[in-house]
Amino acid sequence: MADAPLLSVRDLTVTFRTPHGPVRAVDSLALTVRRGRTLGIVGESGSGKSVTSLAVMGLHTGAEVTGSVVLDGRELVGLPERELRRLRGRRMAMIFQDPLSSLHPSYTAGEQIAEHHRVHFGSRRAAARSRAVELLGEVGIPEPARRAGEYPHQFSGGMRQRVMIAMALACEPDLLIADEPTTALDVTVQAQILELIARLQEERGLAVVMITHDLGVVARVAQDVLVMYGGRAAEQAPVETLFARPAHPYTRVLLDSLPRLDDADDAPLRAIPGSPPSLLTPAPGCAFAPRCPRAAAAPPADRARCADTRPEPEAAQGRLVACHLPLHTPAHGGAR
Ligand code: SF4
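So the sequence shown is numbered by the UniProt record's numbering: it starts at 1 and just counts up by one.
Below you can see the structure in the form of structure tokens.
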């Protein structure tokens with residue numbers, strides 16, 4: 001089916017057993033990603049975005065995963081590790097915030113990319129090596145033949161991230177998951193890496209999942225956005241819709257916390273009041289209730305519903321939103 005999503009996640013729940021009890025890091029999550037599109041997943045630390053990506057890749061060491069993760073028609077939950085290993089790299093690949101921890105310090109960039117290619121395609125060493133040089137050139141590394149012989153510590157942070165991207169692309173995956181790939185980079189290099197990912201996506205028709213805490217990154221690269229809070233989906237919408245008219249109060253405060261061009265130079269950064277919820281002792285109702293300005297201004301009956309009943313994602317205003325009192329609806333005080 002031409003229009004079927006490449007990645008379809010349904011009812012995904014990831015639970016860690018800890019000495020203090022079970023921690024449900026991801027709870028009943030659903031998402032879809034189509035070929036040639038980028039889904040940005042945003043949220044504060046602990047919202048479950050990285051755990052979601054690790055569960056999709058089958059890298060959720062020590063966690064119990066239930067639900068469904070379908071990649072191009074194939075169910076991944078429950079697949080033996082041997083099968084998953086074959087799919088990682090060949091069909092889906094991941095890049096991380098810190099390429100140094102993912103690259104082996106004792107092997108050259110070229111050797112690591114070539115090995116990846118060789119393992120998945122069974123190619124001869126010389127062919128894999130020449131493909132590694134090609135890939136380094138494709139990701140914008142100057143003098144790729146010479147630099148293929150250099151070790152990770154000889155590359156700058158931005159160049160190391162390019163090496164990681166080349167390694168991820170070595171096996172021509174359909175899905176690329178990028179977990180905070182530019183967080184450790186300065187803004188100029190960040191822009192170059194985001195442009196590179198967008199160009200490669202267009203050229204190769206990749207589906208991309210971009211995990212970030214930075215809504216500015218999402219605005220640049222994503223067509224669709226999933227906002228996560230407390231391990232659950234708060235809102236999922238096309239990027240223009242979400243930025244123009246956020247429906248979930250958490251999305252609203254996330255957007256309000258972004259620095260603006262007209263801010264005074266000495267204006268303090270706008271922090272989100274309160275703390276993310278404890279996943280060890282989840283509240284019965286909406287996880288955002290203790291921090292929610294919309295609930296705080298609501299009549300007692302609405303506030304009680306927010307505190308006692310967990311909102312489920314529902315289709316409204318051209319997106320999915322999990323909120324009893326979404327914005328722009330005439331709840332308790334008129335539209336906002
Ligand atoms: Fe706020 Fe209630 Fe909506 Fe939760 S359900 S985000 S507490 S208004």
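From the three backbone atoms N, C-alpha and C, an ideal C-beta is built for every residue, glycine too.
Residue i CB to nearest heavy atom of ligand 1 below 8 Å
| i | result |
| --- | --- |
| Gly43 | no |
| Pro311 | yes |
Span of the alpha helix (DSSP H), counted from its first residue to its last, around residue i
| i | result |
| --- | --- |
| Arg88 | 81 to 90 |
| Tyr229 | It is not in any alpha helix (DSSP H) - Tyr229 instead sits in the beta strand (DSSP E) that spans 224 to 229. |
| Leu258 | Here Leu258 belongs to no alpha helix (DSSP H), and DSSP marks it neither H nor E. |
| residue 341 | Outside the displayed range of the chain (1 to 336) lies residue 341, so it cannot be described from this structure. |
| Ser278 | Careful: Ser278 lies outside any alpha helix (DSSP H) and carries neither H nor E. |
| Leu100 | 99 to 102 |
Residue i vs residue j beta-carbon contact at 9 Å
| i | j | result |
| --- | --- | --- |
| Gln201 | Thr38 | yes |
| Val139 | Val163 | yes |
| Met94 | Ile177 | yes |
| Ala170 | Gly89 | yes |
| Gly205 | Arg35 | yes |
| Gly40 | Val239 | yes |
| Val9 | Val51 | no |
| Val23 | Leu280 | yes |
| Gly285 | Ser47 | no |
| Arg252 | Arg291 | no |
| Gln161 | Pro99 | yes |
| Thr241 | Gln317 | yes |
| Leu71 | Asp224 | no |
| Gln190 | Leu31 | no |
| residue 391 | Pro152 | Residue 391 lies beyond the stretch modelled for the chain, which goes from 1 to 336, so this question has no answer here. |
Residue interval of the beta strand (DSSP E) (run including residue i)
| i | result |
| --- | --- |
| Ser8 | 7 to 18 |
| Ile113 | Not the beta strand (DSSP E): Ile113 falls in the alpha helix (DSSP H), residues 109 to 121. |
| Ala322 | That residue, Ala322, is in no beta strand (DSSP E); it is neither H nor E in DSSP. |
| Ala271 | From DSSP, Ala271 is part of no beta strand (DSSP E); its letter is neither H nor E. |
| Pro22 | 21 to 33 |
| Gly36 | Unbroken run through Gly36: none, as it is neither H nor E. |
Any non-hydrogen atom of ligand 3 closer than 8 Å to residue i Cβ
| i | result |
| --- | --- |
| Arg146 | Inclusion of ligand 3 in the displayed structure is not the case, the ligand content consisting of ligand 1 alone. |
Minimum Cβ-Cβ distance from residue i to chain C less than 9 Å
| i | result |
| --- | --- |
| Gly140 | Looking at the structure shown, chain C is missing, and only one protein chain is on hand. |
Query raised in the report: In chain order, which beta strand (DSSP E) runs of at least 3 residues are fully inside the segment 139 to 222?
Result: Look at the segment 139 to 222 and you find these whole runs of beta strand (DSSP E), each 3 residues long or longer: 175 to 179, 207 to 212.
Report task. Give every residue whose Cβ lies closer than 5 Å to any heavy atom of ligand 1, listed in chain order. Result -> Every residue whose Cβ sits closer than 5 Å to any heavy atom of ligand 1 is listed here in chain order: Pro249, Cys286, Phe288, Ala289, Cys292, Arg294, Ala295, Cys306, Pro311, Cys323, His324, Leu325.
Requested in this report: Note down, one range per segment and in chain order, each beta strand (DSSP E) of at least 3 residues found wholly within the segment 47 to 86.
Outcome: The segment 47 to 86 contains these whole beta strand (DSSP E) runs: 63 to 71.
Query raised in the report: Can you list the alpha helix (DSSP H) stretches of 4 or more residues lying completely in the segment 287 to 317, in chain order?
Result: As far as the segment 287 to 317 is concerned, its whole alpha helix (DSSP H) runs of at least 4 residues are 293 to 296, 300 to 308.
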